[in-house]
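Take a look at the structure below.
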Amino acid sequence: MRQNIWEPPERLLPYLIMFTKPYIGENNDLGVSSFESFLEALAENYNVPETVVFWNEAAEVCSEGHKLLPAVLELEKAGVRILVSEQAVTKFKIKNSLRAGRLANHFDLVVAINASPKPVIF
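Under the working numbering, the residue at position 67 of the sequence shown is numbered 67, and the numbers go up by one with no gaps.
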């Protein structure tokens with residue numbers, strides 16, 4: 001029996017990305033467009049992180065009407081575990097409009113971060 005000499009890589013890679021704000025670096029045009037481009041590129045990539053966390057202001061990305069919601073839904077469709085800070089969802093009153101991810105309390109978020117060998121935080 002012939003064996004494959006090449007195996008496709010796992011799609012989900014063992015790391016976590018956490019977004020705490022809807023921009024990267026400074027809250028200006030460059031920071032906002034960098035965040036948007038990064039999230040869209042991540043969603044289009046074959047290899048994706050096991051977990052993506054949206055905390056603080058970044059939680060709004062997972063709500064209905066946000067222009068980056070389709071990218072988050074693509075990640076979810078690829079098998080990425082999307083965690084959204086329950087405290088942020090409550091603060092910004094977006095629970096009824098949440099369309100991606102699952103609510104996570106601080107304990108859930110700490111467990112997810114500790115379980116990741118390589119957390120990346122923006």
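For each residue, glycine too, the CB sits at the ideal point set by N, CA and C.
Beta-bridge pairing by DSSP links T51 to L16, R81. Residue burial is scored here from C-beta neighbours: F19 has at least 16 other C-beta atoms within 10 angstroms and is therefore classed as buried. A Cβ-Cβ distance of about 5 angstroms is found for the pair A71 and E40, placing them in contact under the 8 angstroms criterion. Per DSSP, the beta-bridge partners of I121 are M18.
Closest option to Y23, judged by alpha-carbon separation, among I17, V32, Y15, L68: V32.
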